[in-house]
Ligand SMILES: Nc1ncnc2c1ncn2[C@@H]1O[C@H](COP(=O)(O)OP(=O)(O)OP(=O)(O)O)[C@@H](O)[C@H]1O
Ligand SMILES: [Mg+2]
Ligand SMILES: [Zn+2]
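Residue numbers (the working numbering): 66 to 337.
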């Protein structure tokens, strides 16, 4: 028993020793020497290990669901037989978005497409790149899950207040809101989604959204379908309100993804 403990503490010690950064010796600071016109200049800066640790903490805090943890822009492919051309285009837009993102500008992406076209994969891939390569704070939320958490906060036995849930959603540099519109619209749902989107819009914060609903306003779709309007497919305008849909167009660049359900097509392939 006692020997086990000693053995265990030796193991821990070895692990700590191995983890000490060779660049900074664990201090978090490193000296950079630059030489200009024959004279050497020594400066002390934050060590890379600190940046890596910060980014790893950001990734852990991003709430990316386990099912999507493996999703990266690099593992997304538009190169398979029958791939719809919109997929390669969407991938290109995603890569450029990561490269060119200016967090002060606030323009996000509205990724629209049918079931299984790879919307969530692409959105998670973007978030991971932004965290690991740009050190930006990102937060992933499934729309249904977010609304449920807010609703739960009204329950007096739950500790978290509405603002506890909403503050990080308002303030994170990049928000991924997955499956926008997937909750049956009610007055409360509309008010809540307006509060979230308007707050982020007013603060110029970047939002990446995915949705299965076709990008159309409720009013236009009703007009187009005339007497058949009761049987038409719901649009994004029907689900989040025409005003919010129009606001989204100001906040985001639209990316359309078409094609078959990737899950059906590659059920047993080596893509996962
Ligand atoms: N082009 C692709 N390259 C590699 N993997 C893909 C691609 N498209 C989809 N996948 C994989 O297929 C699965 C389904 O994709 P994903 O969940 O992103 O689709 P979705 O459009 O978000 O679907 P839903 O509308 O149901 O939310 C995931 O495991 C994802 O990693
Ligand atoms: Mg999805
Ligand atoms: Zn270091």
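Glycine residues also receive a C-beta, built at the ideal position from the N, C-alpha and C atoms.
Can you give the Cα-Cα distance for residue 185 and residue 275, rounded to whole angstroms? Counting from 1 along the chain shown, the entry for residue 185 is found at position 120. Counting from 1 along the chain shown, the entry for residue 275 is found at position 210. So the alpha carbons of these two residues sit roughly 7 Å apart.
Residue 223 - DSSP class collapsed to helix/strand/coil: Translated into the one-based positions of the chain shown, residue 223 becomes position 158. Three-state DSSP puts residue 223 in coil, outside helix and strand.
With a threshold of 7 Å (Cβ to nearest heavy atom), would residue 143 be considered close to ligand 1? Here residue 143 refers to the residue found at position 78 of the chain shown. Yes, the Cβ of residue 143 comes within 7 Å of a heavy atom of ligand 1.
According to the neighbour-count rule (16 or more other Cβ atoms, all chains shown, within 10 Å of its Cβ), is residue 314 buried or exposed? Residue numbering aside, residue 314 sits at position 249 when the chain shown is read from its first letter. Burial call: exposed.
Exposed or buried, what is residue 211 when buried is set at 16 or more other beta-carbons lying within 10 Å of its beta-carbon? Numbered from its first residue, the chain shown carries residue 211 at position 146. Looking at its Cβ environment, which holds 16 or more other Cβ atoms inside 10 Å, residue 211 is buried.
Three-state secondary structure assigned by DSSP to residue 191: Locating residue 191 in the chain shown gives position 126, counting from the first residue. Looking at residue 191 - three-state DSSP - the assignment turns out to be helix.
Alpha carbon to alpha carbon, how far is residue 167 from residue 134? Working through the chain shown from its first residue, we reach residue 167 at position 102. Working through the chain shown from its first residue, we reach residue 134 at position 69. C-alpha separation (whole angstroms): 25 Å.
Inter-residue spacing [alpha-carbon to alpha-carbon] between residue 250 and residue 122: Mapped onto the chain shown, residue 250 falls at position 185. Mapped onto the chain shown, residue 122 falls at position 57. Near 35 Å, if we compare the C-alpha coordinates of residue 122 and residue 250.
Cα-Cα separation between residue 102 and residue 130, rounded to whole angstroms: In the chain shown, counting from the first residue as 1, residue 102 sits at position 37. In the chain shown, counting from the first residue as 1, residue 130 sits at position 65. Computed Cα separation, rounded: 52 Å.
With a floor of 4 residues, list each alpha helix (DSSP H) that falls wholly inside the segment 124-183, ordered by position along the chain. DSSP runs (the alpha helix (DSSP H)) wholly in the segment 124-183: 150-165.
Close Cβ partners of residue 171 (< 6 Å) along its chain, the five nearest in sequence each way excluded: The sequence position of residue 171 within the chain shown is 106, counting from 1. Answer for residue 171: 269, 270, 271, listed in chain order.
What distance in whole Å lies between the Cβ atoms of residue 93 and residue 85, which are believed to be in contact at a cut-off of 8 Å? To locate residue 85, count along the chain shown from 1; it is residue 20. To locate residue 93, count along the chain shown from 1; it is residue 28. With a Cβ gap of about 11 Å, residue 85 and residue 93 do not count as contacting.
Cβ-heavy atom distance, residue 88 to ligand 3, below 7 Å: As a first step, residue 88 must be located in the chain shown, where it is residue number 23. Yes - ligand 3 has a heavy atom lying nearer than 7 Å to the Cβ of residue 88.
Could you work out which residue in 192, 181, 199 is closest to residue 241 when comparing CA atoms only? Here residue 241 corresponds to residue number 176 of the chain shown, with the count starting at 1. When each option's Cα is compared against that of residue 241, the closest is 192.
Backbone CA spacing between residue 329 and residue 198 [nearest angstrom]: Counted from its first residue, the chain shown places residue 329 at position 264. Counted from its first residue, the chain shown places residue 198 at position 133. If I take the Cα positions, the gap works out to 33 Å.
Using C-beta distances below 8 Å, list every residue in its chain close to residue 158, excluding the 5 sequence neighbours before and after it, in chain order. For this step, residue 158 is matched to residue 93 along the chain shown. Excluding positions up to five away in sequence, the list reads 174, 318, 320.
Using a Cβ-Cβ cut-off of 8 Å (strictly less than) and excluding sequence neighbours within five positions of residue 286, which residues of its own chain qualify? Within the chain shown, the letter at position 221 stands for residue 286. 294, 297, 300, 302, 303, listed in sequence order.
Distance check for residue 141 and residue 147, CA to CA, integer angstroms please. Sequence index remark: in the chain shown, residue 147 carries index 82 (1-based). Sequence index remark: in the chain shown, residue 141 carries index 76 (1-based). Rounded to the nearest angstrom, the two C-alpha atoms are 15 Å apart.
For residue 309 and residue 260, believed in contact at Cβ under 8 Å, the rounded distance: Your numbering for residue 260 matches position 195 in the chain shown. Your numbering for residue 309 matches position 244 in the chain shown. Rounded, the Cβ-Cβ distance is 10 Å, inconsistent with contact.
According to DSSP, simplified to helix, strand and coil, what is residue 109? Your numbering for residue 109 matches position 44 in the chain shown. In the structure shown, residue 109 falls within a strand segment according to DSSP collapsed to helix, strand and coil.
Whole-angstrom Cβ separation of residue 206 and residue 247, contact assumed at under 8 Å? Within the chain shown, residue 206 is the residue found at index 141, counting from 1. Within the chain shown, residue 247 is the residue found at index 182, counting from 1. The Cβ separation is near 12 Å, so there is no contact.
Give me, in chain order, the residues of the same chain whose beta-carbon lies closer than 7 Å to that of residue 162; leave out the 5 immediate sequence neighbours on both sides. Locating residue 162 in the chain shown gives position 97, where the first residue counts as 1. Answer for residue 162: 174, 191, listed in chain order.
Considering residue 210, what are the terminal residues of the alpha helix (DSSP H) in which it resides? The residue you call residue 210 lines up with position 145 of the chain shown. Its alpha helix (DSSP H) spans residues 208-217.
6 Å Cβ shell around residue 96 - same chain, five flanking residues per side excluded: Mapped onto the chain shown, residue 96 falls at position 31. Same-chain partners within the cutoff: 107, 109.
Just confirm the distance between the C-beta atoms of residue 244 and residue 277, as a whole number of angstroms; I'd bet it's less than 8 Å. Taking the chain shown and counting its residues from 1, the one referred to as residue 244 is at position 179. Taking the chain shown and counting its residues from 1, the one referred to as residue 277 is at position 212. That pair is a contact at about 7 Å.
Beta carbon of residue 200: closer than 7 Å to some heavy atom of ligand 3? Taking the chain shown and counting its residues from 1, the one referred to as residue 200 is at position 135. Checking every heavy atom of ligand 3 against the Cβ of residue 200, none is found closer than 7 Å.
So, are the CB atoms of residue 182 and residue 323 less than 8 Å apart? On the chain shown, position 117 is the one that residue 182 refers to. On the chain shown, position 258 is the one that residue 323 refers to. Taking 8 Å as the Cβ cut-off, residue 182 and residue 323 qualify as a contacting pair.
Going by other Cβ atoms of all chains shown within 10 Å of its Cβ, with 16 needed for buried, is residue 283 buried or exposed? Reading the chain shown from its first residue, position 218 is the one you call residue 283. Buried, because 16 or more other Cβ atoms sit within 10 Å of the Cβ of residue 283.
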